[in-house]
Amino acid sequence: MFDYDESGNQIKRDLICVNCDDPLRPAPEQIGEEDKESIGLTQSDKYEQLSYYPNPVLEQLYIKWVNSKELYVVAVEVYTLKGQKVVSFQDLAGVNNYKVNFENLAQGVYVVMLIYNNESIKDLKVIKK
4 MFDYDESGNQ IKRDLICVNC DDPLRPAPEQ IGEEDKESIG LTQSDKYEQL SYYPNPVLEQ
64 LYIKWVNSKE LYVVAVEVYT LKGQKVVSFQ DLAGVNNYKV NFENLAQGVY VVMLIYNNES
124 IKDLKVIKK
């Protein structure tokens, strides 16, 4: 099950457990660890606990994420589709949101990368109008 914001961006993903005992309890709490791995519900879901809006963006892109003790965002970088870095924000440990200024960037598609402390990356495709 998905939830969307007013702009149509996906902001939340929930699992529905058809065979679970308690339909009101979140499905991930009712699934065994070995089953979580087999369906891909492991640490990677922490990367999905983020939202960004608006997309397309005119001036400011707002990004919000969830940090944990073992996994947190340390940097946000913006690239063109040709791989040119246009903006970089470092030292974001302890921060759970950021506002990226797109006002001075040309129209087009950009890749916003959230870089985590374990060197993994979550990329977001954003359209600048």
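Just so we're aligned, residue 4 is where the sequence shown starts under this note's numbering, counting upward by one. Here a beta-carbon is modelled for each residue, glycine too, at the ideal position from N, C-alpha and C.
*So what does DSSP say about G97, is it helix, strand or coil?*
coil
*What separation, rounded to the nearest whole angstrom, lies between the Cα atoms of E95 and L53?*
The displayed chain sequence assigns Leu, not Glu, to residue 95. Cα atoms of L95 and L53: separation of roughly 15 angstroms, rounded to the nearest angstrom.
*Inter-residue Cα distance where the pair is Y65 and Q87*: 21 angstroms
*To the nearest angstrom, how far is it from the Cα of Q63 to the Cα of K128?*
15 angstroms
*Classify V76 as helix, strand or coil using the three-state DSSP reduction.*
strand
*Which residue comes first and which comes last in the beta strand (DSSP E) that contains L117?*
111 to 119
*In angstroms with no decimal places, state the Cα-to-Cα distance between Y119 and V76.*
4 angstroms
*Which two residues bound the contiguous beta strand (DSSP E) that contains S91?*
From DSSP, the beta strand (DSSP E) with S91 extends over 88 to 92.
*Identify the continuous beta strand (DSSP E) that holds K85 and give its terminal residues.*
Per DSSP, K85 belongs to no beta strand (DSSP E) and is neither H nor E.
*V79: buried (16+ other C-beta within 10 angstroms of its C-beta) or exposed?*
Result: buried.
*Taking buried to mean at least 16 other C-beta atoms within 10 Å of its own C-beta, is V81 buried or exposed?*
V81 comes out buried.
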